[in-house]
DNA sequence: TTTTATTAATTGATCGTTCAATAAAGATAA
DNA sequence: TTATCTTTATTGAACGATCAATTAATAAAA
């Protein structure tokens with residue numbers, strides 16, 4: 003069986019299996035066995051590649067975060083207007099839903115856990131700050147600084163709130179699309195309200 | 003030790019101890035032992051009064067929900083204006099924080115778990131629907147029906163989003179007060195925007 | 001004494017981790 | 001080419017810890 007250079011392949015397979023298991027059964031019921039079974043491998047391999055369950059959990063969160071980051075980068079170029087960029091930010095935060103339905107539940111599980119896990123809380127903070135910072139950069143090109151900061155704070159809350167309510171009510175894809183559109187309308191109304 | 007009529011006392015003590023344990027260590031690490039230790043009792047008493055751990059968890063959520071419900075009822079009377087009532091709704095959803103600091107973390111833990119637990123999901127749905135329904139009733143007195151429904155949906159999302167971000171960033175009481183004030187301002191702006 | 005309230009010890013299941021064993025692939029040398 | 005050695009990849013059983021739940025025993029009130 004053993005081919006050379008399996009490490010990156012196996013690591014990704016185990017991360018995918020972790021997302022799957024947490025989405026299906028929750029973080030609480032996700033065990034080394036449930037993950038390795040989803041991945042079609044033995045339980046021992048998790049410690050071999052990630053040092054333990056905790057290492058795999060954290061690697062999974064980092065993978066989700068970098069996915070979110072790359073998604074926005076791929077959408078923006080030098081010709082993007084500030085308003086367009088704001089719409090892309092909204093889209094990115096709702097996008098992971100469409101490509102992988104099970105990802106959304108996984109996010110919320112990790113967030114809840116982040117209150118009691120130092121490294122997860124650090125990662126969550128990076129993500130939260132980045133959303134607000136991304137929003138502020140674009141709003142600043144459309145309105146004075148004080149208003150831009152406020153608009154970014156409110157937009158971040160609106161995105162997270164709409165997203166949270168959609169996840170918790172176990173919505174289908176149409177509901178997520180509806181929430182995304184509400185968030186975009188809200189950004190437009192903020193620009194109209196404060197825009198110079 | 004055994005006095006008669008201890009049941010309601012013990013039940014409440016165990017619910018309080020559950021909130022404390024979940025806030026401190028998370029739902030994942032909360033065990034029959036950690037709860038009974040917090041309550042200063044033995045572990046067997048949980049099965050005696052709640053049938054098991056699951057029963058205690060669900061009773062705790064029901065307690066938090068009814069607390070939230072009663073808080074709003076106590077604030078409103080027949081002389082309350084629609085706008086005042088909207089402010090009270092916002093206050094209620096941020097109020098639990100002040101009286102008991104550890105309650106907020108507990109909420110989020112239960113919400114995350116509700117995705118994988120039928121009864122918890124049912125309870126979460128009741129709460130979510132009630133917030134939106136409470137908001138709609140008051141908005142309807144201030145604007146046309148279609149706008150009132152939209153305003154209620156947006157306000158619910160804004161409240162939850164501001165609350166979630168405050169909880170996750172492990173904010174102090176001042177930050178919660180700041181979020182509460184942002185939510186109130188948002189309600190006022192919706193009334194100004196759509197108000198007849 | 002009988003009933004109610006509670007404890008403390010125990011049970012069996014399950015958890016994450018560790019580790020010796022193994023299988024296959026490449027490397028080396030004959 | 002063939003045989004041997006080394007490395008990499010992987011397994012699954014065993015271990016100790018910990019969990020929720022149960023049970024028998026105990027203490028106090030009625």
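Protein chains in written order, with the numbering used here: chain A, 3 to 198; chain B, 3 to 198.
Cβ atoms here follow ideal geometry from the backbone N, Cα and C, with glycine treated the same way.
Please read these numbers as outputs of a predicted model, since none were measured by experiment.
Asked: Beta-carbon within less than 6 Å of residue 3(B)'s beta-carbon, same chain only, minus the 5 sequence neighbours each way: which residues are those?; Found: Any reading at residue 3(B) must be qualified, since the residue scores a pLDDT of 43, below 50, and its modelled position is unreliable; the value itself is stated next. Hits under 6 Å: none found.
Asked: Would you decide whether residue 56(A) is buried or exposed? Buried here means 16 or more other CB atoms lie within 10 Å of its CB.; Found: exposed
Asked: For residue 38(B), which option in 179(B), 67(B), 15(B) and 10(B) has the closest C-alpha, if you only look at C-alpha atoms?; Found: 15(B)
Asked: How many angstroms separate the CA atom of residue 78(B) from the CA atom of residue 139(B)?; Found: 13 Å
Asked: Counting only beta-carbon atoms, is residue 160(A) nearer than 9 Å to chain B?; Found: yes
Asked: Is there a Cβ from chain B that is less than 9 Å from the Cβ of residue 153(A)?; Found: no
Asked: Nearest CA to the CA of residue 66(A): which residue from 82(A), 95(A), 85(A) and 84(A)?; Found: 95(A)
Asked: How about the region 127-135 of chain B and the region 179-193 of chain B: do they share at least three Cβ pairs that are nearer than 8 Å?; Found: no
Asked: Check whether chain A comes within 9 Å of residue 178(B), counting only Cβ atoms and requiring the distance to be less than that.; Found: no
Asked: If we cut at 9 Å on Cβ distances, does residue 166(B) have a partner in chain A?; Found: yes
Asked: In this structure, does DSSP put residue 57(B) in helix, strand or coil?; Found: helix
Asked: Please tell me whether residue 95(A) has its Cβ less than 9 Å away from any Cβ of chain B.; Found: no
Asked: Along chain A, in chain order, which residues have C-beta atoms closer than 9 Å to that of residue 31(B)?; Found: 118
Asked: Kindly say whether residue 190(A), judged by its beta-carbon, lies nearer than 9 Å to any beta-carbon of chain B.; Found: no
Asked: What did DSSP end up calling residue 68(A) once you bin it into helix, strand or coil?; Found: helix
Asked: If contact is defined by three or more beta carbon pairs under 8 Å, each pair taking one atom from either stretch, is the region 60-75 of chain A in contact with the region 25-41 of chain A?; Found: no
Asked: Can you list the residues of chain B that residue 74(A) reaches, using a CB-CB cut of under 7 Å?; Found: Simply none; closest approach about 19 Å.
Asked: For residue 3(A), decide whether its Cβ has a neighbour in chain B, counting only Cβ atoms nearer than 9 Å.; Found: In this prediction, residue 3(A) has a pLDDT of 43, which is less than 50 and means its spatial position is unreliable; what the coordinates show is noted afterwards. For residue 3(A), the answer is no, since every Cβ of chain B falls outside 9 Å of its Cβ.
Asked: Tell me whether residue 245(A) is buried or exposed, calling it buried when 16 or more other Cβ atoms sit within 10 Å of its Cβ.; Found: There is no way to answer for residue 245(A), as the model of chain A reaches only from 3 to 198.
Asked: What is the DSSP secondary structure of residue 123(B), reduced to helix, strand or coil?; Found: helix
Asked: So is residue 33(A) buried or exposed if we call it buried at 16+ other beta carbons inside 10 Å?; Found: exposed
Asked: With DSSP as the reference, label residue 78(B) as helix, strand or coil.; Found: coil
Asked: If you measure from the beta carbon of residue 19(A) to each beta carbon in chain B, is any gap under 9 Å?; Found: no
Asked: According to DSSP, simplified to helix, strand and coil, what is residue 87(A)?; Found: helix
Asked: Helix, strand or coil: how does DSSP classify residue 110(A) here?; Found: helix
Asked: Under 9 Å, Cβ to Cβ, is there at least one residue of chain A near residue 127(B)?; Found: yes
Asked: On the CB-based measure, 16 or more other CB atoms within 10 Å of its CB, does residue 28(A) come out buried or exposed?; Found: buried
Asked: Out of 85(B), 17(B), 74(B) and 72(B), state which residue places its alpha-carbon closest to the alpha-carbon of residue 52(B).; Found: 17(B)
Asked: Should residue 15(B) be flagged as near chain A, meaning a C-beta pair shorter than 9 Å?; Found: no
Asked: Would residue 85(B) and residue 193(B) be called neighbours here (beta carbons separated by less than 9 Å)?; Found: yes
Asked: With 9 Å set as the bound, which would you pick, yes or no: does the beta-carbon of residue 27(B) sit closer than that to a beta-carbon of chain A?; Found: yes
Asked: Rounded to whole angstroms, what's the CA-CA distance from residue 90(A) to residue 164(B)? Just pull it up for me.; Found: 21 Å
Asked: Taking the Cβ atom as the reference point for each residue, do residue 172(A) and residue 117(B) lie within a distance shorter than 9 Å?; Found: yes
Asked: Put residue 10(A) into one of helix, strand or coil per three-state DSSP.; Found: helix
Asked: Check whether the region 19-28 of chain B and the region 100-109 of chain B touch, using three or more Cβ-Cβ pairs below 8 Å as the test.; Found: yes
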